[in-house]
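Protein chains in written order, with the UniProt record's numbering: chain V, 1 to 334; chain R, 1 to 334; chain G, 1 to 334; chain A, 1 to 334. A short worksheet on the structure shown next.
Number of protein chains: 4
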Amino acid sequence: MYTLPELKQDKDFDSIAIMTSGGDAPGMNPAIRGVVRAALSQGIKVYGIQRGYSGLIADDMSTLQSGSVSNIVQRGGTVLKTDRCTAFKDPAVRAAAAEILRRRGIGALVVIGGDGSLTGAHLLQQETGIPVIGIPGTIDNDIFGTEDTIGFDTAVNTALEAIDRIRDTATSHERHFLVEVMGRASGSIAINVGMAAGAEMILVPERAIDVAAISSELAASRRAGTGSSGIIVVAEGPTPGLTSRLAEQLREQGQDPRVCILGHIQRGGSPSGHDRVLATCMGAMAVRYLCAGYSDIMVGVRDGSIIDVPLDDVIRFRKGLDPSLLDMALQVHR
Amino acid sequence: MYTLPELKQDKDFDSIAIMTSGGDAPGMNPAIRGVVRAALSQGIKVYGIQRGYSGLIADDMSTLQSGSVSNIVQRGGTVLKTDRCTAFKDPAVRAAAAEILRRRGIGALVVIGGDGSLTGAHLLQQETGIPVIGIPGTIDNDIFGTEDTIGFDTAVNTALEAIDRIRDTATSHERHFLVEVMGRASGSIAINVGMAAGAEMILVPERAIDVAAISSELAASRRAGTGSSGIIVVAEGPTPGLTSRLAEQLREQGQDPRVCILGHIQRGGSPSGHDRVLATCMGAMAVRYLCAGYSDIMVGVRDGSIIDVPLDDVIRFRKGLDPSLLDMALQVHR
Amino acid sequence: MYTLPELKQDKDFDSIAIMTSGGDAPGMNPAIRGVVRAALSQGIKVYGIQRGYSGLIADDMSTLQSGSVSNIVQRGGTVLKTDRCTAFKDPAVRAAAAEILRRRGIGALVVIGGDGSLTGAHLLQQETGIPVIGIPGTIDNDIFGTEDTIGFDTAVNTALEAIDRIRDTATSHERHFLVEVMGRASGSIAINVGMAAGAEMILVPERAIDVAAISSELAASRRAGTGSSGIIVVAEGPTPGLTSRLAEQLREQGQDPRVCILGHIQRGGSPSGHDRVLATCMGAMAVRYLCAGYSDIMVGVRDGSIIDVPLDDVIRFRKGLDPSLLDMALQVHR
Amino acid sequence: MYTLPELKQDKDFDSIAIMTSGGDAPGMNPAIRGVVRAALSQGIKVYGIQRGYSGLIADDMSTLQSGSVSNIVQRGGTVLKTDRCTAFKDPAVRAAAAEILRRRGIGALVVIGGDGSLTGAHLLQQETGIPVIGIPGTIDNDIFGTEDTIGFDTAVNTALEAIDRIRDTATSHERHFLVEVMGRASGSIAINVGMAAGAEMILVPERAIDVAAISSELAASRRAGTGSSGIIVVAEGPTPGLTSRLAEQLREQGQDPRVCILGHIQRGGSPSGHDRVLATCMGAMAVRYLCAGYSDIMVGVRDGSIIDVPLDDVIRFRKGLDPSLLDMALQVHR
């Protein structure tokens with residue numbers, strides 16, 4: 001349950017537009033629904049843009065009614081579809097996009113997505129004056145300025161459920177499994193999943209991997225009779241194939257781990273209760289922020305409260321990993 | 001991910017005891033594991049007490065090793081079993097319990113449970129001087145001094161999954177369903193589940209129920225063609241049978257809702273990732289608080305950080321419901 | 001995997017209609033999809049009737065395209081909606097319904113539903129000559145002439161998942177739970193769920209309940225130290241409130257069981273793989289039977305093969321319970 | 001629900017042994033439980049052998065009581081652990097194993113596993129005269145002489161759940177996904193999963209893959225506007241890396257599919273209701289067959305009935321794929 005700020009309405013909008021952009025995340029649908037229902041309750045018309053910025057620059061949008069977002073709160077993915085749009089990196093394209101919005105009389109744009117998508121939104125406002133509000137929608141939870149992102153909780157639960165299955169085989173066969181979870185730059189999913197799964201080790205991009213140390217720890221625990229089987233959670237890291245290479249290196253050291261790459265199953269599925277509540281609150285708050293005259297911000301969570309974060313900060317800074325959680329995760333696995 | 005306080009170790013314990021008490025909650029097992037593993041890593045011996053205070057006063061306990069808590073992180077319920085022990089309300093029984101602990105050289109007691117269980121712990125310390133630490137384990141999230149309790153997130157997800165199923169039938173048959181979720185004194189589960197499920201209405205103990213208003217709203221939405229089916233989430237409230245009585249009253253007003261009481265399925269099941277991480281952190285922090293000389297406190301969450309709360313406060317004050325969340329839940333369901 | 005009969009096409013249809021009727025069951029959607037796609041691949045037009053016989057007599061139907069049934073295979077409930085229509089028990093109403101079908105040039109009707117719905121279909125063909133094909137869609141698996149019905153496997157899994165949760169609480173608190181599953185006249189769900197859940201007892205409508213025997217068995221196993229907790233699966237039986245009355249009677253005998261009524265959660269949810277394959281095969285085979293000149297039949301399963309069963313038999317006979325399975329279930333629970 | 005044969009008891013055993021062998025499969029635990037409980041109810045002592053044939057030749061076994069198999073019916077993997085034992089391919093090793101069994105007075109051996117494990121059992125009996133009974137436990141459902149194997153239904157549901165998630169992303173991004181499911185020699189999982197998932201294509205080892213045809217079909221459906229996204233289910237086939245190579249080849253033809261290898265998550269997890277009932281029946285029937293004097297057989301399913309199949313047949317013949325089901329799966333996906 002989130003604490004919601006009090007906001008005074010000091011601005012009127014006739015209509016706004018909403019899109020989802022970048023990688024899909026479970027909870028984007030309740031976020032859309034939150035925006036649409038909150039806007040309609042204020043008498044604001046809402047345009048739904050198809051396929052993110054790709055749809056915006058193609059003027060592919062239509063108005064959404066209350067019924068348009070009925071019965072979507074429980075669905076994974078995004079009913080507005082999404083895309084990674086490289087064309088939008090061009091200022092001329094952004095200017096054309098602003099023109100399209102103005103022609104339709106759209107007074108503000110709400111963008112649900114990750115880092116890249118929020119960067120596009122910020123530049124659009126900076127260059128064209130179109131008010132934008134960002135909502136952090138990504139399973140990676142790697143966005144500066146917010147403790148939580150829409151989809152993270154669901155992705156952790158999905159990865160966990162998969163690992164609970166893999167552990168059945170690991171235990172039955174007395175083997176070690178390297179399980180790769182998502183996280184190119186951030187070990188956020190890996191740490192939470194690893195702690196929740198009772199993993200023997202957790203490898204994250206924020207810390208160097210020492211193959212020899214891993215190997216000797218595996219050998220030691222096997223000798224001690226305590227570690228005939230186990231799960232090693234590995235964040236995928238910046239370059240593809242990390243986990244398979246690691247398995248190869250461990251084999252050279254005499255270990256015989258199996259590999260499981262969880263991959264895209266982590267993106268989909270019905271959003272968890274946590275993500276639905278977070279998404280609904282963020283969506284509704286995005287409209288309230290707009291009506292209170294805020295823009296060029298992202299709706300975020302700090303200390304359990306819904307807050308506004310300047311998009312400029314969101315883009316400029318990089319979110320670090322809390323090392324204390326990793327230390328605790330490893331402490332309780334001995 | 002929680003922020004964890006830095007704590008200096010200034011006290012040595014030879015051994016501690018741990019129990020689960022009151023209604024079981026998913027996540028009690030990872031909490032036990034967190035306590036045991038953190039204590040063992042400090043060289044502290046841990047006694048596991050069976051069946052809560054009932055087992056304590058029967059001296060039914062045994063030492064736990066690292067392997068005793070292997071492969072339990074994913075299991076619902078509690079491996080230590082639990083009980084509601086009325087005998088422990090008697091000060092003489094508490095004095096006898098302290099004697100049992102002292103005889104075994106146990107220097108502190110960790111209690112995982114709800115309001116009543118924490119009250120027992122507080123009184124034990126007050127009267128006998130045995131240091132106690134409480135960990136909030138209850139699906140109801142109704143404990144003063146903490147934003148979150150172990151089991152709440154899982155219970156919300158379980159109830160939600162059930163309602164997602166019921167909605168299939170509600171939509172297919174164009175009917176309304178009254179779905180009763182747990183919550184005798186608190187609407188916490190109901191609000192979160194209701195918002196996440198996209199419920200048409202949410203009825204909580206903190207607000208009076210106006211049957212006539214509900215009935216006329218149902219009739220109005222049916223006339224408007226927007227509400228041929230729907231879910232009304234009802235917190236069970238203080239007296240059993242609330243939802244069935246409400247259905248009866250609505251039938252008298254010409255409505256024909258179906259009733260579904262979710263009941264005990266909300267207590268069990270494998271804990272969610274969120275609850276496992278929360279429980280593991282709380283368990284490990286309980287040991288750190290003890291070693292830093294704290295006692296007569298509960299480990300809690302405030303503003304997303306793990307904190308200590310005096311048990312005296314926990315017991316004395318009642319946690320209220322944030323009305324802004326309920327308002328938002330209802331706003332987005334039109 | 002089912003064995004499918006070879007059928008020669010000897011009849012042409014321009015268009016057929018399809019409906020779902022009676023209680024909804026998971027798998028109705030893949031059955032609809034199977035019928036629509038198979039018919040379209042034969043060049044047959046398909047009308048989707050809304051809300052079962054109620055929609056038929058109101059002429060509430062529209063043509064379905066291939067895309068109309070995209071992305072529904074995984075959804076619970078029925079996209080055509082359903083109803084229990086008492087008006088259709090009147091022959092004059094059935095005559096009017098036939099007239100509506102004829103006016104639209106609809107050559108045959110496919111009905112997905114349970115006993116009552118199939119009776120309506122049979123009478124329609126008998127009285128008006130409209131060819132009908134039934135598909136058994138009901139979670140109860142209580143239809144004569146088929147070993148399996150659409151929705152049964154999913155309902156068993158759903159009930160089982162709920163009981164797996166309840167067992168966490170039962171074990172943690174060392175209590176017995178009476179868990180009521182669906183089944184007014186048939187113990188089919190109860191036996192399968194009970195065997196799969198490792199239930200201590202299974203009570204079905206086909207056998208008398210001996211309260212004194214249950215009570216003394218509970219007492220005996222408690223004394224033996226083997227039965228401090230357990231699950232007793234109870235089929236709901238013909239008169240509501242059976243399980244609560246049973247709990248009351250057991251309390252009078254000194255037992256203290258808890259009660260959990262699973263209720264409507266057993267009807268919904270995404271269909272299992274088994275039910276989706278069964279439903280798809282039955283739907284596609286219904287079209288093949290029609291094209292081969294069959295009618296007044298139900299598509300069924302016998303000895304693992306898809307077969308045709310005269311609707312007259314389906315309606316006339318009552319499916320019995322295989323007592324050997326119940327005996328085996330009870331044998332392995334000691 | 002299975003039909004169970006009537007069997008007359010004509011042989012007495014003092015004790016039997018049971019093992020799980022080869023790849024683990026969900027449902028092995030209820031099968032163990034079925035064997036143990038049925039044997040104990042006949043007064044037969046049961047030895048549980050650890051880690052399959054590896055444990056047998058190391059004489060690593062202990063007696064199992066009724067309580068040893070309590071609360072395991074819902075657990076994935078196998079509590080007896082399992083192994084692939086190459087040493088057992090040596091007749092001298094098998095002779096030594098028989099000696100170990102005889103020394104303990106064990107009159108028969110029940111082996112739960114796949115093709116290779118059943119071959120070992122058959123040779124053991126042929127060469128040493130130790131009576132053996134096989135129970136088909138493998139997710140692949142590729143064993144001759146039985147329509148169903150323990151673990152198959154659960155694996156189909158697990159793969160399906162993963163694909164339901166992937167479809168969220170496929171639809172949101174308008175992409176095609178190649179999803180690799182298990183099945184080296186058999187397309188059994190692929191066909192069932194593909195039909196149940198509403199897959200656009202299903203590629204199985206039993207049919208040659210025509211990359212050009214796949215590519216042109218993808219292009220055609222994209223042009224027709226009906227196939228902007230979709231799922232292609234691929235059985236892993238005999239040589240690792242099939243799906244990645246296929247993706248590469250499709251990329252050369254101008255397609256851009258994503259790849260997801262489901263891998264080991266398909267092996268684990270709580271067994272489905274279907275698999276628990278099947279496993280319980282097979283386990284209990286194995287004991288009945290032994291007591292009726294049968295041996296050198298596998299317990300199988302034919303036409304929905306539990307039957308006995310000579311192990312000689314099981315090993316000698318290869319189970320084929322029913323082509324009619326594949327044809328139907330593809331017909332309904334247009």
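C-beta: ideal position from N, C-alpha, C; glycine also.
Residues of chain A whose Cβ lies closer than 7 Å to the Cβ of Gly198/G are, in chain order, Val73. Here Gly23/G is near Arg267/G, since their CB atoms are less than 8 Å apart.
In this structure, the alpha-carbon of Thr149/V lies about 8 Å from that of Asp140/V.
With the criterion set as a beta carbon lying under 9 Å from some beta carbon of chain R, the members of the segment 14 to 29 of chain G are Thr20, Gly23, Asp24, Pro26 and Met28, in sequence order.
Neighbours of Ala292/R in chain V, taken as residues at a C-beta separation under 9 Å, are lacking, since the least C-beta distance is about 15 Å. A direct Cα-to-Cα measurement between Ala96/V and Phe88/V gives close to 10 Å. Contact annotation, Thr169/R with His264/G: C-beta distance approximately 6 Å; criterion of less than 8 Å satisfied. DSSP, reduced to helix, strand and coil, places Ser305/A within a strand of the structure shown.
Residue state for Glu180/G is assigned as strand, using DSSP reduced to three classes. Ile150/R has Gly137/R as its beta-bridge partners, per DSSP. DSSP places Lys8/A outside both helix and strand once states are collapsed to three, so it counts as coil. Taken atom to atom, the span from the alpha-carbon of Val132/R to that of Gln125/R is near 6 Å. Against Ser172/V, the close residues of chain A are Asp24, Gly77, Thr78, Lys81 and Thr82, in the order they occur along the chain (beta-carbon pairs closer than 7 Å).
Around the beta carbon of Gln9/R, a 10 Å sphere encloses fewer than 16 other beta carbons of the protein chains shown; the residue is thus reported as exposed. Take the alpha-carbon of Gly241/G and the one of Val181/R: they are about 20 Å apart. Its chain contains Asp153, Thr154 and Asn157 as the residues whose beta carbon lies nearer than 7 Å to that of Ser272/V, once the 5 sequence neighbours on both sides are disregarded; these appear in chain order. Tyr47/G is bridged by DSSP to Ala17/G and Thr63/G. Gln253/A sits exposed, since fewer than 16 C-beta atoms from the chains shown fall within 10 Å of its C-beta. When Cβ-Cβ separations below 8 Å define contact, Ala190/R makes no contact with chain G. The bridge partners DSSP lists for Val234/R are Glu180/R and Leu203/R.
CA-CA distance, Ile202/G to Arg207/R, rounds to 42 Å. About 6 Å separates the beta carbon of Ile16/G from that of Ile44/G, a gap short enough to meet the 8 Å contact definition. With a beta-carbon spacing of about 7 Å, Ile231/A and Ile166/A fall inside the 8 Å limit used to define contacts.
By the neighbour-count definition (other C-beta atoms within 10 Å, threshold 16), Glu127/A is an exposed residue. For the pair Pro91/G and Ala58/G, the Cα-to-Cα distance works out to about 16 Å. Within chain A, no C-beta atom comes less than 7 Å from the C-beta of Gly116/V; the nearest is roughly 15 Å away. Residue pairing for Arg167/G: DSSP places it in no beta bridge. For Cys281/V, there is no enclosing beta strand (DSSP E); the residue is found in the alpha helix (DSSP H) stretching over Gly273 to Cys291. With respect to the 8 Å criterion, Leu64/G and Arg288/G are not classified as neighbours on the basis of their beta carbons. A distance below 6 Å between beta-carbons, with the five flanking residues on each side excluded, links Leu56/V to the following residues of its chain, in chain order: Ile49 and Ala97. With a cut-off of 8 Å on Cβ pairs, the segment 24 to 44 of chain G is in contact with the segment 276 to 284 of chain G, counting three or more such pairs. When DSSP states are grouped into helix, strand and coil, Leu160/V belongs to the helix group. Restricting attention to Ile32/A, Met328/A and Gly116/A, the CA atom closest to the CA of Ile143/A is found in Gly116/A. Between Ile163/G and Val179/G, the C-beta gap is smaller than 8 Å, which places the two residues in contact.
Contact residues of the segment 238 to 269 of chain R toward chain V are absent (C-beta to C-beta distance below 9 Å).
The Cβ of Arg102/R sits no closer than 8 Å to any Cβ of chain G.
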